[in-house]
Amino acid sequence: MTLHYYFARKFLWTFFGITMIFVVLLALVDLVDELQDFPDLPFLDVFEVVLLNLPHANYEILPLVLILASVALFVRLARSSELVVLRASGRSGLVGLLAPVIMAGIIGVVAVTMFNPIVAASSKRYNDLVNGHMNMGQSVLAIASEGLWLRQGNAFGQTVIHATRASSDVTVIYDTTFISFSPEGEPLRRITARSARLGDSEWVLSSAKLWDLGTLRNPEAEARQMERLSVPSPLTRDRIVDSFGKPEYISLWDLPEFITQLEEAGFSARRYAVWFQMELARPLFLMALVLVAAAFTMRHGCTSNTGVSVLTAIMLGFTLHYVRNFAQVLGENGQIPVILAAWAPPIASFLLAAGLLLHTEEG
1005 MTLHYYFARK FLWTFFGITM IFVVLLALVD LVDELQDFPD LPFLDVFEVV LLNLPHANYE
1065 ILPLVLILAS VALFVRLARS SELVVLRASG RSGLVGLLAP VIMAGIIGVV AVTMFNPIVA
1125 ASSKRYNDLV NGHMNMGQSV LAIASEGLWL RQGNAFGQTV IHATRASSDV TVIYDTTFIS
1185 FSPEGEPLRR ITARSARLGD SEWVLSSAKL WDLGTLRNPE AEARQMERLS VPSPLTRDRI
1245 VDSFGKPEYI SLWDLPEFIT QLEEAGFSAR RYAVWFQMEL ARPLFLMALV LVAAAFTMRH
1305 GCTSNTGVSV LTAIMLGFTL HYVRNFAQVL GENGQIPVIL AAWAPPIASF LLAAGLLLHT
1365 EEG
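Heads up, this note's numbering is the position in the sequence shown plus 1004, with the first residue counted as 1.
1. Out of curiosity, what's the CA-to-CA distance linking Asn1120 and Arg1228?
2. Return the residue from the list Trp1215, Ile1183, Leu1214, Asp1179 that minimises the CA-CA distance to Ser1199.
3. Can you give me the Cβ contacts of Cys1306 inside the same chain, cut-off strictly under 7 Å, excluding the 5 residues immediately before and after it?
4. Arg1243 and Trp1215 look like a contact to me (Cβ under 8 Å); what is the Cβ gap, rounded to whole Å?
5. Let me make sure I understand the geometry here. Which of Ile1343, Leu1056, Val1342 has the alpha-carbon closest to that of Ser1122?
6. Between Arg1241 and the rest of its own chain, which residues show a CB-CB distance below 8 Å, the 5 nearest in sequence each way excluded?
7. Can you name, in chain order, every residue of its own chain whose Cβ lies under 8 Å from the Cβ of Pro1223, other than the five neighbours on each side?
8. Fully enclosed by the segment 1172-1258, which alpha helix (DSSP H) runs are 4 residues long or longer?
9. Answer yes if the segment 1051-1071 comes into contact with the segment 1025-1036, meaning at least three C-beta pairs across the two stretches below 8 Å, and no otherwise.
10. To the nearest angstrom, how far is the alpha carbon of Val1069 from that of Ala1124?
11. Hey, how far is the Cα of Arg1013 from the Cα of Ser1171?
12. Measure the Cβ-Cβ separation of Thr1018 and Leu1066 and say whether it is below 8 Å.
13. Going by CA-CA distance only, name the one from Ala1317, Trp1257, Gly1321, Leu1290 that's closest to Met1302.
14. With a threshold of 6 Å on Cβ separation, who are the neighbours of Ala1103 within its own chain once the five nearest residues in sequence on each side are excluded?
15. Tell me which residues share the same chain as Leu1259 and place their Cβ nearer than 7 Å to its Cβ, disregarding the 5 neighbours each side in the sequence.
16. Any contact of the segment 1349-1362 with the segment 1290-1300, i.e. 3+ C-beta pairs under 8 Å?
17. Is Phe1186 buried or exposed, if buried means 16 or more other CB atoms sit within 10 Å of its CB?
18. Could you have a look at Ile1318 and say whether DSSP puts it in helix, strand or coil?
19. Would you mind reading off the limits of the alpha helix (DSSP H) that contains Asn1057?
20. Given this structure, state the Cα-to-Cα distance separating Gly1100 from Pro1349, to the nearest angstrom.
21. Of the residues Leu1344, Thr1219, Arg1221, Ser1234, which one's Cα is nearest the Cα of Ser1205?
22. Assuming Ala1285 is part of the alpha helix (DSSP H), what are its boundary residues?
23. Looking at Phe1026: is its Cβ nearer than 8 Å to the Cβ of Asn1062?
24. From Ile1183, Leu1288, Thr1219, pick the residue whose C-alpha is nearest to that of Ala1212; which is it?
25. Can you tell me whether Gln1332 is buried or exposed, with buried defined as 16 or more other CB within 10 angstroms of its CB?
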């Protein structure tokens, strides 16, 4: 037990040390970029933007940090002959590997369950701040139990749009209501329609009814029925889809409910379902990266090919990471099932690393 505690402590301190190095480097690089993007902003405002983006930036490179920590640990153990002593005592080198693998799993669980909500909240706030500084406005869409809400506007006022459901590509909304407001917030008109299709700079409404709310006369008495009505709109399909927010903007604990709301509103939630499953599989993938590092750097002693082994381990870790990202893209596009996209790369990586490690130990 003392041996496992010793290796776990060394691995944890190595991981924290490399993490802090990347935190400082990413903060400095991001600070320079933000100062160039917003030269007119006060320094404290720019620094706030950098701090909000820091959790997400470090969360994205967690696999890289973990494999570097693993390589650093095993190379140091090999050079200090601690692995030789371990094997000389009659124990397999795999015994010394058990603690780092378990610690990698614990780091993954903590990252997914505790750090993920922090990343989601800070990333969403960062996105809103950057859009505000660039005068792009905030999200134009919201999903609720009663349907979906859209907002569009220009210098002449704002229009709030409600619909009970929408097509999967967000180009058609059904059972919709348009309420237009003046810049002062006074209602100007109300339109209901059976459906509305998003075209080039306009909504094309079918079976519409229009009430003029900007006059003192009776709106219902002067309401008009129209089979087709065009409403100007600055919205595009890409802007509406982007308003959902990236999956990483939503806490892991809130994702199941959000996915349910999307599906009830008629939207495809595959992108979010893939991200949810990939987050659940993250601890297993991190454990696989430790095994990959051990397979190439956990030698019987100091060898002349240490540099090649380290480079091979890091490159294989990067390759597995990109394979995982490629599977994510295939899953989001519907090319492969969600579960296969999320869990196949971590499981395959774990089995591949275990096979390489066993082959190395037998050699």
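Cβ coordinates follow ideal geometry from the N, Cα and C atoms, glycine included.
Answer, in terms of the structure:
1. Approximately 51 Å, taken between the alpha carbons.
2. Nearest of Trp1215, Ile1183, Leu1214, Asp1179 to Ser1199, Cα basis: Asp1179.
3. Any reading at Cys1306 must be qualified, since the residue scores a pLDDT of 48, below 50, and its modelled position is unreliable; no value is offered.
4. Not quite, the Cβ-Cβ distance comes to about 28 Å (not below 8 Å), so this is no contact.
5. The displayed chain sequence assigns Ile, not Ser, to residue 1122. If we check each option's Cα against that of Ile1122, Leu1056 comes out closest.
6. Short of 8 Å from the beta carbon of Arg1241, and not among the five residues preceding or following it, lie these beta carbons of its own chain, in chain order: Asp1173, Val1174, Thr1175, Leu1202.
7. Once the five neighbours on either side are set aside, the close Cβ partners of Pro1223 are Arg1194, Trp1215, Asp1216, Leu1217.
8. Listed in chain order, they are 1241-1247.
9. Contact between the segment 1025-1036 and the segment 1051-1071 is present, because at least three Cβ pairs lie under 8 Å.
10. About 20 Å.
11. Rounded to the nearest angstrom, the two C-alpha atoms are 53 Å apart.
12. Taking 8 Å as the Cβ cut-off, Thr1018 and Leu1066 do not qualify as a contacting pair.
13. For the residues Ala1317, Trp1257, Gly1321, Leu1290, the minimum Cα distance to Met1302 belongs to Ala1317.
14. For Ala1103, same chain residues with a beta-carbon under 6 Å away, outside a window of 5 residues either side, are His1008, Phe1011, Ala1012 in chain order.
15. Taken in chain order, the residues that qualify are Tyr1276, Phe1280.
16. With the rule of 3 Cβ pairs closer than 8 Å, the segment 1349-1362 counts as touching the segment 1290-1300.
17. With the sequence shown as reference, residue 1186 is identified as Ser, and Phe is not the correct amino acid for it. Ser1186 should be labelled exposed.
18. In the structure shown, Ile1318 sits in a helix (DSSP, three-state: H, G or I).
19. Per DSSP, Asn1057 belongs to the alpha helix (DSSP H) from 1047-1064.
20. Whole-angstrom Cα-Cα distance: 25 Å.
21. Ranking Leu1344, Thr1219, Arg1221, Ser1234 by Cα distance to Ser1205 puts Ser1234 first.
22. Element bounds for Ala1285: 1274-1301.
23. Judged by beta-carbon spacing, Asn1062 lies within the 8 Å limit of Phe1026, meaning their Cβ atoms are closer than that value.
24. When each option's Cα is compared against that of Ala1212, the closest is Ile1183.
25. Buried is the call here.
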